[in-house]
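Protein chains in written order, with the working numbering: chain A, 1 to 502; chain B, 503 to 1009.
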């Protein structure tokens, strides 16, 4: 059933492309319908999959001579991430309701991107996974380059180049693995059981892991993320930060860690406390957490604050993966889900609700607009989103970060302590942005007054309210009752860590 | 285990009130009054349901997230129930005092009620996750109450308050997660049991190496900021001074008790042995808090800052008592055991009494501000006893209570603390006496300058308390006498818990 999410999205994209120009309202409703049906399917798939292990959805031979199968399947991790994708997709359509420029083309690219993402999360064949992974890159480029803002061509090109370099590294690693395994299948499960030589895993793991981690925003390969997020139109920022970064992290876990478990073994020597690839990547993750937070603290552009916060939050995902224990990796998957929801919410508030009315993202100018009084809905939404994002208990982010911290304690207390520093800086940058953007007491300057006289803020529209309420409710619900996702995530993570995808 | 979920009801009640108040506009204060009166009544009902042996009563236990050791586990003992009554009382006083909120009253009272719910939740939680949820939840309304209704420099004050407390909370969180890693439990009673046999430390050492002392310091850091313990107190004067006075009543009357409560519910039970190891430096800090708080209060001109620093001083006595009693005592040494019990009884009484008295003092500041359009410097008033005898008389009683005059509530707690601390650490007790003396000077100076002395021209027509204010204040002043004259009303319910707790702690 879950496979239909892919076909439906691509069919929707095709329909949008065929739609005559000027039918913007119809185009929006089609996009929303496709996204909502996708959500219904993923929810049904999630509920049906409770307590189930890996379930094969489709298995057809594709390139028999190479053992390539069209193999779609879902385990607990996939089910949670496709659920995230569908939620982000619905929210993204709602926050794109005001796009008037080439609306149907926009939604065509948008739905194609969504379809590609569903495909990645459901592929259990390496070749197929890679195909969907590449499919997802192309629409991103066009969405940013055509509908974007600040330096959009530069940002789009940078994003595409980083993505392709990452993919190239992944591809080399995967071809090498296929050749070395000597198996006649490209199925993930078969390859995980192929017992690749340890020395091979030692060099192939970092290659593949880094390739995927580029897309997850791992420091120091994160630079595409803030520029890309800022340049992208709101819905694309939401998808980029919310879902596309998760593709990278998912690849790290599903391909990197599952296929090359011995790549994480100790080297046998250590240099300044670093004795394995695991230490290297954990260190990069921790640097990402702190660096992203510090840079976010120094931004003058509201959207860049959120852009860098994504780097920091994805650091938690990578750190969770590197704990290699069940609780830490489960935390990483939950953090993927949580950050997907929250990053979407934050970008929606900053890029859509606030920017479309104030036409500035500069904190120094927003400071003079007294948005708490003039846009109370946005202020309250950002307070809640900010609280969730800084990891206050009661929201999804807290449970995820808590699990990652517990997992990290089991491995290396210093990781935990450093991540703790990152959380405190996270509080500081969120609160700084919140105060400056919404609760400042500064009197407006003549320049801003002049602008304000001409513009009255448009009323908040129903798609905005619906989107915010939906994302906030999900984060709150998961924060108060994380069991519902953890029961699905934990067995899948356990299976993955104890060898093979089954 | 079974029975009516009274504690859940108590926590949810203010939340419901908050939602109603949010939409009630100008009637929000009425909604808040009804809610807080109902909460106080309910808290008093809880007070009557305590178990005789001082253990947890009204326990509610349900699975929540089993894979992370998270349970919905609630319960109260004498300590928790007293804090519930105090929180309910202080919130009621605060709502009563806040009758001039013109700017967005719905939001204001909704936040106050949300804060009350946070207090109730954290005083009844027996599982770390649940407790931490409410501990952090209470921060948000407090922040916005300062930020949106505070004085001129409210922005920096609110931010400093928030970031300091969060930094402490993260240290606490990380340390506690290490405990979870070692024990697979977040349940306070279970962990207390493990700690009392020494197993907790063994488990931590086995899993994580010799880090138990560091975990104790991490947990202490979270509470040290909240109470506060010098040198982590720097956020406090600004926050207390910039917050509107009814909010300061909540901050000092109830929220500061969350920190002391945390020390008693989490730090001492789990890390008693480690705290005993670093008892001397902690005692030094507690003594510094006591003495510095008093001296700093003496140096202030602004009444709110005087009372803010004097709160630091008064809560310093709680810290003094807590750290002094953290010492291994042989079961045969009845003298030392009695001293420990006296100190702990004193600490708990002092928590209650400081809450009531400090809230009352800030209430009087609110009234002075109201009558003079915001003035609150010591020099702005003089000889109020002539134009406003009732106000001066009642404020004098509250001030004497804060000073620790026998017969009023402030005396009993401090007396018991010093009674205990003298035999446990006579140096700390002796040096702290300096704090008592300086506080006495500060308070007598205020009485002299503000209430007595010559009446300046602009104070000759100072309006006295009107009937409504007298009605509202009378029970509070009555309570000061009641507890001062009949402390057994509280001690009888608290003492079994003190005995129970001391029997389950290991130093």
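Glycine included, C-beta positions come from ideal geometry on N, C-alpha and C.
Here the structure is a predicted model, which is why all the values come from computation and not from measurement.
Does DSSP put residue i in a helix, a strand or coil?
i	result
residue 311/A	helix
residue 168/A	helix
residue 839/B	helix
residue 815/B	helix
residue 557/B	coil
residue 57/A	strand
residue 362/A	strand
residue 654/B	coil
residue 662/B	helix
residue 955/B	coil
residue 1008/B	coil
residue 110/A	helix
residue 776/B	helix
residue 713/B	coil
residue 888/B	coil
residue 794/B	helix
residue 441/A	coil
Please classify residue i as buried or exposed, where buried requires at least 16 other C-beta atoms within 10 Å of its C-beta.
i	result
residue 453/A	Annotation note: pLDDT 48 at residue 453/A (below 50); position unreliable, no value reported.
residue 313/A	buried
residue 219/A	buried
residue 273/A	exposed
residue 882/B	buried
residue 363/A	buried
residue 352/A	buried
residue 704/B	exposed
For the beta strand (DSSP E) containing residue i, name the first residue and the last one.
i	result
residue 572/B	572-578
residue 267/A	266-271
Could you tell me which residues DSSP pairs with residue i in its beta bridges?
i	result
residue 879/B	804/B
residue 274/A	271/A
residue 187/A	125/A
residue 70/A	60/A
residue 565/B	573/B
residue 627/B	576/B
residue 689/B	629/B
residue 301/A	362/A
Which residues bound the alpha helix (DSSP H) around residue i?
i	result
residue 194/A	Careful: residue 194/A lies outside any alpha helix (DSSP H) and carries neither H nor E.
residue 632/B	630-639
residue 223/A	Unbroken run through residue 223/A: none, as it is neither H nor E.
residue 709/B	701-710
residue 916/B	911-926
residue 403/A	396-411
residue 374/A	371-374
residue 95/A	76-95
residue 242/A	Run containing residue 242/A: none; DSSP gives neither H nor E here.
residue 978/B	969-987
residue 27/A	24-48
residue 760/B	758-764
residue 748/B	747-752
### Query
Would you say the segment 86-96 of chain A touches the segment 150-160 of chain A, given that touching needs at least three Cβ pairs under 8 Å?
Touching, no.
### Message
Whether or not the segment 936-946 of chain B and the segment 859-874 of chain B are in contact is what I'm after, with contact meaning three or more pairs of Cβ atoms, one per stretch, closer than 8 Å; do they touch?
### Response
Contact between the segment 859-874 of chain B and the segment 936-946 of chain B is absent: fewer than three C-beta pairs spanning the two stretches fall below 8 Å.
### Query
Can at least three beta-carbon pairs, one atom from the segment 901-911 of chain B and one from the segment 775-792 of chain B, be found at a separation below 8 Å?
No: fewer than three Cβ pairs fall under 8 Å.
### Contact the segment 961-970 of chain B vs the segment 876-896 of chain B: 3+ CB pairs below 8 Å
Enough Cβ pairs lie closer than 8 Å, so yes.
### Query
Counting Cβ pairs closer than 8 Å, one from the segment 1-19 of chain A and one from the segment 30-40 of chain A, do we hit at least three?
Yes, since at least three Cβ pairs between the segment 1-19 of chain A and the segment 30-40 of chain A fall closer than 8 Å, the two stretches touch.
### Query
Counting Cβ pairs closer than 8 Å, one from the segment 237-254 of chain A and one from the segment 203-223 of chain A, do we hit at least three?
Contact between the segment 237-254 of chain A and the segment 203-223 of chain A is present, because at least three Cβ pairs lie under 8 Å.
### Task
Examine the Cβ distances between the segment 793-800 of chain B and the segment 712-731 of chain B and report whether three or more of them are shorter than 8 Å.
They do not touch, by the three-pair rule.
### the segment 654-670 of chain B contacting the segment 738-754 of chain B, beta-carbon criterion three pairs below 8 Å
Between the segment 654-670 of chain B and the segment 738-754 of chain B, the count of C-beta pairs closer than 8 Å reaches three or more; the two stretches touch.
### Message
Does the contact criterion of 3 or more C-beta pairs under 8 Å hold for the segment 555-563 of chain B versus the segment 519-531 of chain B?
### Response
They do not touch, by the three-pair rule.
### Query
Just checking, does the segment 536-552 of chain B make contact with the segment 633-648 of chain B on the three C-beta pairs under 8 Å criterion?
Taking 8 Å as the limit for Cβ pairs, the verdict is that the segment 633-648 of chain B does not touch the segment 536-552 of chain B.
### Task
Evaluate contact between the segment 156-175 of chain A and the segment 133-140 of chain A, counting only Cβ atoms and requiring at least three cross-stretch pairs below 8 Å.
Yes, the segment 156-175 of chain A touches the segment 133-140 of chain A.
### Task
For the segment 505-521 of chain B and the segment 621-632 of chain B, state whether three or more C-beta atom pairs, one from each stretch, are separated by less than 8 Å.
Touching, yes, given that three or more Cβ pairs across the two stretches are closer than 8 Å.
### Query
Is the segment 177-197 of chain A in contact with the segment 223-243 of chain A, if contact means three or more CB pairs nearer than 8 Å?
Remark: fewer than three beta-carbon pairs, one from each stretch, lie closer than 8 Å, so the segment 177-197 of chain A and the segment 223-243 of chain A are not flagged as touching.
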